[in-house]
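Everything below concerns the one structure shown next.
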Amino acid sequence: MKRTLAAVTALALGATLGTAGAATWALWSQQTSVHDAVTIGYAGFAVGNPGATPAQMDRAFEPQTAVTWSANNAEGGNPITALQTKNFADAVIRIDGQSQGNRGLAYDLRGAHIVGGDDSSLVDGVRVRIVRAGTPAGCAPALNADTGTLYEGALSAARIPARELVSSAYSTAGWDTPEREFLCLRLSRPVALNTTYTNIGSATGTYTNPETGAQVSVSDEDRWSIGLGYDTRAFQATFSLDFGFETFRGRFAG
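Okay, here's the thing in structure tokens:
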């Protein structure tokens, strides 16, 4: 295709210029070849839950357009709510992308938005670690490993610089066969939530055994615990993550 397009263009020029133009084409064709594939083609990017249909994912077809994943819609529920009873909670985001022609596609995590909750510092204290995996099932081992971290820090400041998803190798693949990876998130409770208050109530006494007349000592206790630091409303907060994409030629210089 690459050489055919060049030949058609040159023959058209030869027809316009006459015989001299055609002779020029013959000489030129021995010395020059065209190496670039046609770059006009489809590009698309989407984020969503692992089991989502394309219609359920937030999609973009222009690099300037942001797409959003919301923790409210996470499979397994909002991970911030889960932190009320757990030290950490995980979530998985599916990333789909495709780019035709010889354009590659790279995507980035542009920022987080926190919504709701009370005026405590719970959300400010929540930390997140983000790694990638090839499948949803690969997220747990990837998060448990000490390597492969794309971001680790405050949830409110989460960012991932542009990373290649689709190479710039020439392709005519459509949206029905996207390149795909999964971002694995692990949210950790603030240190204050790892502190608990435990109350223990105990009672002792004696009673007379009616059969033997002996004095018997008895005792019992009851206890309850609660995490300190935040009220229930704090765990009603949620968050969303904004992503975007760009296309590139040649080797990605991210």
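Numbered per mature numbering (1 follows the signal peptide of the UniProt record, and there is no 0), the sequence shown spans residues -22 to -1, 1 to 232.
Note that beta-carbon positions come from the ideal geometry of N, C-alpha and C, so glycine has one too.
**Report entry** Whether Ala67 touches Leu61 by CB criterion (9 Å)
**Finding:** yes
Requested in this report: Provide the residue span of the alpha helix (DSSP H) that contains Asp154, from first to last.
Outcome: Per DSSP, Asp154 belongs to no alpha helix (DSSP H) and is neither H nor E.
Report task. State buried or exposed for Gln78, treating a residue as buried only when at least 16 other CB atoms are found within 10 Å of its CB. Result -> buried
Query raised in the report: So what does Asp68 bridge to, in DSSP terms?
Result: Arg164
Report task. Below 6 Å CB to CB, which residues in the same chain sit around Arg88 once its five sequence neighbours on both sides are set aside? Result -> Asp220 and Gly222
Report task. Just tell me which of Ala123, Thr127 and Val25 has its CA closest to the CA of Thr43. Result -> Val25
Query raised in the report: Are the segment 140 to 148 and the segment 115 to 125 in contact at 8 Å, needing three or more beta carbon pairs?
Result: no
Query raised in the report: Whose CA, out of Arg158, Gly82 and Ala192, lies closest to the CA of Ser146?
Result: Gly82
Query - Check: Ala49 C-beta below 8 Å from any heavy atom of the ligand NAD - result: Among the components modelled here there is no ligand, and therefore nothing to report on the ligand NAD.
Query raised in the report: Any idea if Arg167 is buried or exposed, counting beta-carbon neighbours within 10 angstroms, 16 or more meaning buried?
Result: buried
Query raised in the report: Where does Ala135 fall in DSSP's three states?
Result: helix
Query raised in the report: Which of the three DSSP states, helix, strand or coil, is assigned to Ala120?
Result: helix
Query raised in the report: Where do the N-terminal and C-terminal ends of the beta strand (DSSP E) with Gly26 fall, by residue?
Result: Ala21 to Gly26
Report task. Select from Asp102, Phe23, Asp154 and Pro32 the residue whose C-alpha is nearest the C-alpha of Glu40. Result -> Phe23
Query raised in the report: Are the beta-carbon atoms belonging to Pro28 and Phe160 less than 9 Å from one another?
Result: yes
Query raised in the report: From this set, Asp36, Arg107 and Asp124, which residue's C-alpha is nearest Ser134's C-alpha?
Result: Arg107
Query raised in the report: Just the Cα atoms here: how many angstroms apart are Arg227 and Asp74?
Result: 19 Å
**Report entry** Reference Gly55, options Gln214, Phe230 and Ala231, closest by Cα
**Finding:** Gln214
Query raised in the report: Between residue 233 and Gly126, what straight-line distance do the alpha-carbon atoms span, to the nearest angstrom?
Result: Because residue 233 is not part of the residues shown, which for the chain are -22 to 232, the question remains open.
Query raised in the report: Whole-angstrom Cβ separation of Ile198 and Ile138, contact assumed at under 8 Å?
Result: The residue asked about is misnamed: residue 198 is Asp in this sequence, not Ile. No, Asp198 and Ile138 are not in contact; Cβ-Cβ is about 55 Å, not under 8 Å.
Report task. Have a look at the DSSP bridge pairing and note the partners of Gly75. Result -> Phe23 and Glu157
Query - Span separating the alpha-carbon of Gly183 from that of Ala192 - result: 14 Å
Query raised in the report: To the nearest angstrom, how far is it from the Cα of Arg158 to the Cα of Ser180?
Result: 58 Å
Requested in this report: May I ask which residues mark the beginning and end of the alpha helix (DSSP H) holding Gly103?
Outcome: Leu100 to Gly103
**Report entry** Backbone secondary structure at Arg81 - three-state DSSP
**Finding:** coil
Report task. Under 6 Å Cβ to Cβ from Trp47, same chain only, skipping five residues before and after it: list those, please. Result -> Val25, Ile71 and Leu219
Query raised in the report: For Leu165 versus Ala69, is the C-beta spacing smaller than 9 Å?
Result: yes
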